[in-house]
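Under the UniProt record's numbering, the very last position in the sequence shown is 1129; numbers go up by exactly one each time. What follows is a set of notes on a single structure, which appears directly below.
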Amino acid sequence: MKFSLVNRLYAGFALVVILVVLGGILTIRSFQKQKHESAWVQHTYKVLNQLERINRLVVDMEASRRGFRATFERKYLQPYELNLPKITPAVTTLRSMVADNQAEERRVDSLENAINAILSYWNENDHRIWKQTFAENVELTDREVDLMDKIRTNIINIRTEEQRLLVLRENENEESADRSMVVLIWNNFFILVVGFILIVVTYKEFKRRLRAQRILNDKLDEVVELNNQANQRNWKLVGMDQMNASLQGILNVSSLSQKCLKELVEYGNYVAGAFYITDENKGNLRLAAGVAVPAGIPQTLVPGEGLTGQAALEKKIKVIEDIPGHYWKIKSATGETSPAQLILVPLWMDSEIAGVIELASFHKTSKVQLELLETQAKDIAVALNAASSRDKVMELLKQVQEHKEILINQQEELRQSNEELSRQSEVLQASEEELRVQEEELRQVNAEMTVKNKALEAAREALSLKASELEASNRYKTDFLANMSHELRTPLNSVLILAKMLEENKDNNLTARQREYATIIHRSGSELLTLINDILDLSKIEAGKIDINIDEVRVKEMQNDIDDLFKIVAQQKNIHFIQNTSADVPEKVPTDKQRLEQVIRNLLSNAFKFTPEHGTVKVEWYIKEASLCVSVIDTGMGIPEDKQQLIFEAFQQADSSTSRKFGGTGLGLSISRYLMKMMNGQILLESSSPEGSTFTISIPLEPTHQPFRPIVESIPAKEQVQEPVDATPDDDRANIGQQDKLILIVEDDKWFADLLKEVSRNKGFKTIVAHNGQEGLYLARKFRPVAIILDMNLPVIDGESILQIIRSTDDLKDILVHVVTAGELSPHTANNVNGYTQKPIQQPDMEKIFGDINAQLYERLKKVLIIAAGPLAGDPHIRSKTEERRLETQYDQVSSIAEARPYLAAQKYDGVIVELGGDTSAAVAELQDLATLTAASNTPVIAYLDKDISPAEEAQLKKHASAIVRSAALATDRLLDELELFLYKLEKVDPANVETLKELKDTENIMEGKTILLADDDMRNVFSISALLEAQGVSVLAASDGQEALDVLRQHPDTHLVLMDIMMPGMNGYEAMKQIRQDKRFTRLPIIALTAKAMADDRQKSIDAGASDYITKPVDGSKLLSLIRVWLS
């Protein structure tokens, strides 16, 4: 009996199922047996562990007894007493564990008897220990050793038997596993054989049937093809006939274009179309007709512009597929969509382009349709040429008629012009006579002016001489006031501090009368200081030496400053103080905050001075005529109208008795008026005696910015400073330890310097003192302090020059500099210091100076979070090598990103090192999670890998990591290189700094002898970077564009690294890197991209083009060298 295909398949599948079920049953039985054997193996291990525990208990008890017999101290019996209650339960547990083995149970009984024997022996001889002789002690010990040997023998016997059983059970387990493996292999083999037979049978049957079906389909296709060809020929003939019929009888180009396009769209089943014809006058394409085109379609096109313009330059039909969705929308009342295909048909007549037809279709155009369009294009071009010729003839006839009319008009205009010229000739003759008369009068006037000019020149010379004398006088006055100000402030500083210390009377050794004297001295000194400041401000204003620094200032911040300053004054004088702000006052205004607050303080000081108790002082802020207005209103004594102008003059007041009654010099309003003029503002006064006064200042919201006045340069920055001669200085220079924090005080006032020194020592700093600029500069270079307290008015070398030298010297530029001086700092100087306090200073000021220094020193400590659970977690070299490099870094360590979350949320870290595992997808997920946590603080993340990865995986990780370091022999050094790269930034590369950069630490000398290709079109960059690299022993190859870089690289294939600028003429850096990566020799060549662009996606664009890493210009020398070391290693 012959089986059918279906029956054979059923039989085969049934056999496979039987084999699978049989294999499963055998596998389950094998697993159950292995589980049973494994349980006995575990049981043997438990017996051995329990036996070892009993052995330890007996040995500890024996040692405890011996220790007691040797010393007779009860503390040595503690282990014996602790283990005594444990020994019997331990033996009982062991007996229960070997209950299945009678031989082992007998051995346990023997062990228990031996243990009981020694316990009884110990118990019987407890009372003899105190009385026994040495010989008795030896006899006792020998007996104890015999009993212990019996215990050890029993333990060894039990252990030997259990180990033998363990070996037998493990062998049985392995044999069971081998048998299971053989059964599974044979079962799977039979399943595969049966499955293969089924596949072969099925395949042969399907192959036979497909062959028969293919023969039948081929015959049907031939019949269909013949029928299609006949239909296509008929369709083409009908289309050509209809197009020729539509072209008959049309005489102008516009109608012809519309008719042709309509016929093409309807017959070819197109959805839209546009007909462009050639404008011979302009040489471009003009839209002549359209069907279903959008409103914004171009009306004219230049040949070569866009797809349609490009089609005009080609002589064949062009089909565009895969049209983007936004390219061309076909709209209807119910919606819109994009065509699937565009067909561009150029219309050529001989060697000239007559036009272009653009058609849109929802479906793909067939070959027959394209053939029809090609045939119709020739007919349309001929008809278009004929219609165009007719249009030209009609245009020429029209132009002839227009030219004829223009000639008639020109003849009439020429006749009128001749008549006008004759009339103007007569007028010119009369004017010439009048000019001769005026010329004579001018000669007389010139003679008189010459005499007057000589007199004016003499007067100008006299005025110039007076101006020079006046300028010299003002300069002498300004210099005198500036010098006197310093000379007065310096001793006054000491007077105020000492008076304040006496007033506080911390030692409680002054009488109340003496403290009152100190208070009077301090108050009088403060008033004298105010007078000195006012005189100095007035002299600076008159000399034009005060700078107005315009910046965006918060109005609320100024109001808070005024509140803090005058709220206590108002409480002390029992005066009601109010500030009101109009709703139209902006949040920020452009002004000089310091000068504006100075003016308001002067006005408020006068208001509080002249307002009696229970009066009111009010400040109103509002906007008027594009200006910020601040009105200070008081209910004081008022100012008579005849005195209102007088009070704005220097040293003038409304009443001569005012200074005696209320105090003051009369300078405040004069200074305020000058300051408001410098800020393009004004001060207005409304007052009537005795009703009070209203002072209003007005500042435009768009002030004129004052130009910055640079400081006067002093000695050159590189001047060599000789060691000063100083006899036995009383400071800490001879007692400075390696870990001490050292502060240098540069102050010419020796008493004030000693005061600062004592405060510095009380704050935990070692302190050295210099009394002139030369000595201060020498000590700074010799001792390298962590901070400098600097006076600006110093003998020998002034403070401005010292600051300039410090900031231009690599070894000193990072030192904190806090200026304490009597004068004000220019904006340029203020930007170069870390703090500024103006003399005279009080005790709280000194506390603030050293508090700021401490805070800034603490901010230099870099914090790094290490996330590691593998080898990196236990690596001690990171911290040790950090100390060797003298990196001020504090490390926190966690084992996972989940554990790192509270750390990152609680404080800001300067860097994160994360150790990643071998799974790349998991590593990417961890980095994405970490990037989310560090995104707000922009913290750099360095990934540490314990295996090598492919370039594709590396590019994937670099999207979320700032740098990647792989585990290797020098991995810790490369990790610290990367960390130092992100934590510590140095100045950009400059040829003048190459000598300093040569001294950078390079423990491995990995750059020496290497060849680096530098591609940059800027020769200044090439020179400076080449000098930097050559100083490290590198051989530099230079190229000025991308193509030259490729040529140089092919000539020197042994190049170790490439520095590639992005923006270069010719071939740019992106294209050059792509071509380098196409060469298989350079697929792993390190390429570092250099660019002045620093947009967010520039790094990724460089990486995608083939760069290994990315650095922005201006280039940090240290960063570039560290980056090169990382990639070369």
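C-beta atoms are modelled at their ideal positions from N, C-alpha and C, and glycine is treated no differently.
Three or more C-beta pairs under 8 Å: does that hold for the stretch 39-53 against the stretch 215-224? The stretch 39-53 vs the stretch 215-224: no contact.
Is the distance from the Cβ of Lys588 to the Cβ of Val630 below 8 Å? At a Cβ-Cβ threshold of 8 Å, Lys588 and Val630 do not count as neighbours.
Rounded separation between Arg106 and Thr141 - CA only: Taking the CA atoms as reference points, Arg106 sits about 28 Å from Thr141.
Distance, Cα to Cα, Asp634 vs Ser687? Inter-residue distance for Asp634 and Ser687 is about 10 Å (C-alpha atoms, whole angstroms).
Which residue's Cα is closest to the Cα of Trp235: Thr375, Glu352, Thr278 and Gln424? The residue with the shortest Cα to Cα distance from Trp235 is Thr375.
Which two residues bound the contiguous beta strand (DSSP E) that contains Lys318? Note, Lys318: beta strand (DSSP E), Lys318 to Glu321.
Looking at Ala943 and the ligand ADP, is the gap between the Cβ and the nearest heavy atom below 7 Å? The model depicted lacks the ligand ADP and carries no ligand whatsoever.
Taking the continuous beta strand (DSSP E) assigned at Thr591, which residues delimit it? It spans Lys588 to Thr591 - the beta strand (DSSP E) in which Thr591 sits, taken as one unbroken run.
Between the C-alpha atoms of Leu261 and Gly306, what's the straight-line distance to the nearest angstrom? Distance between the alpha carbons of Leu261 and Gly306: 21 Å.
DSSP puts Trp621 in a beta bridge; with which residues? Answer by DSSP bridge pairing, in chain order: Thr581 and Val630.
In three-state terms, what does DSSP make of Ala923? In the structure shown, the three-state DSSP call for Ala923 is helix.
Burial state of Gly239, where buried means 16 or more other Cβ atoms lie within 10 Å: Buried, because 16 or more other Cβ atoms sit within 10 Å of the Cβ of Gly239.
Would you call the CB atoms of Ile343 and Leu373 closer than 8 Å? Their beta carbons are under 8 Å apart, which means Ile343 touches Leu373 by this criterion.
What's the C-alpha gap between Ala472 and Glu613? Answer to the nearest angstrom: the Cα atoms are 49 Å apart.
Tell me whether the beta-carbon of Asn832 lies closer than 8 Å to the beta-carbon of Leu803. Judged by beta-carbon spacing, Leu803 lies within the 8 Å limit of Asn832, meaning their Cβ atoms are closer than that value.
Looking at the structure shown, is Lys314 part of a helix, part of a strand, or coil, going by DSSP? The sequence given here has Glu at residue 314, not Lys. In the structure shown, Glu314 adopts coil according to DSSP, grouped into three states.
Assumed close pair Tyr903, Leu865 - CB separation to whole angstroms, cut-off 8 Å: That belief holds up - the Cβ atoms of Tyr903 and Leu865 are roughly 6 Å apart, short of 8 Å.
Among Gly764, Leu502 and Ala177, which one has its Cα closest to the Cα of Asn854? The alpha carbon of Asn854 has as its nearest neighbour, out of Gly764, Leu502 and Ala177, the alpha carbon of Gly764.
Beta-carbon gap between Tyr909 and Thr939 smaller than 8 Å: Against a cut-off of 8 Å, the Cβ pair of Thr939 and Tyr909 comes out as a contact.
Between the C-alpha atoms of Ala894 and Ile867, what's the straight-line distance to the nearest angstrom? It is Val, not Ala, that sits at residue 894 in the sequence shown. Rounded to the nearest angstrom, the two C-alpha atoms are 5 Å apart.
Going by other Cβ atoms of all chains shown within 10 Å of its Cβ, with 16 needed for buried, is Val994 buried or exposed? Note on Val994: pLDDT 37, under 50, position unreliable in the model; the coordinate value appears next. By the neighbour-count rule (16 or more Cβ atoms within 10 Å), Val994 is buried.
Within 8 Å, do at least three Cβ pairs link the stretch 408-425 to the stretch 382-391? No, the stretch 382-391 is not in contact with the stretch 408-425.
Which residues in the same chain as Pro716 place their Cβ atom closer than 7 Å to its Cβ, once the five residues preceding and following it in sequence are excluded? Reliability fails at Pro716, whose pLDDT of 35 lies under 50, so the model's placement of it is uncertain and no value is given.
Any chance you could list the alpha helix (DSSP H) runs of at least 4 consecutive residues sitting entirely within the stretch 165-200, in chain order? Listed in chain order, nothing qualifies, since the stretch 165-200 has no complete alpha helix (DSSP H) run of 4 or more residues.
Here's a check: name, in chain order, each residue in its chain whose Cβ is nearer than 7 Å to the Cβ of Glu1071, leaving out the five neighbours to either side. Same-chain partners within the cutoff: Gly1042.
Can you check which of these residues, Leu1029, Thr829 and Asp1018, is closest to Ile1012 by C-alpha distance? Closest option to Ile1012, judged by alpha-carbon separation, among Leu1029, Thr829 and Asp1018: Leu1029.
Have a look at Leu237 and Gln369 and give me their C-alpha separation to the nearest angstrom. Their backbone Cα atoms lie some 12 Å apart in a straight line.
What's the C-alpha gap between Ser1129 and Ile1006? C-alpha separation (whole angstroms): 7 Å.
Chain-order list of residues whose beta-carbon lies under 7 Å from that of Glu37 (same chain, five-residue window excluded): For Glu37, the CB contacts under 7 Å within the same chain, skipping 5 residues up- and downstream, are Arg169, Glu172, Asn173 and Ser176 in chain order.
Just checking, does the stretch 288-295 make contact with the stretch 262-274 on the three C-beta pairs under 8 Å criterion? Yes, the stretch 288-295 touches the stretch 262-274.
Over what stretch of residues does the alpha helix (DSSP H) that includes Thr1055 continue unbroken? Here Thr1055 belongs to no alpha helix (DSSP H), and DSSP marks it neither H nor E.
Contact check, Leu777 vs Ile736, beta carbons under 8 Å: Not in contact: Leu777 and Ile736 (Cβ atoms no closer than 8 Å).
Note the first and the last residue of the continuous beta strand (DSSP E) segment covering Met637. Where Met637 is concerned, there is no enclosing beta strand (DSSP E), because DSSP gives it neither an H nor an E.
Look up Val817 in the DSSP assignment and say whether it is helix, strand or coil. Strand at Val817.
Could you tell me the distance, in whole angstroms, from the CA atom of Lys392 to the CA atom of Asp241? Rounded to whole angstroms, Lys392 to Asp241 spans 28 Å at the Cα level.
Exposed or buried, Leu435, counting other C-beta atoms within 10 Å across all chains shown (16 or more means buried)? Flag for Leu435 reads exposed.
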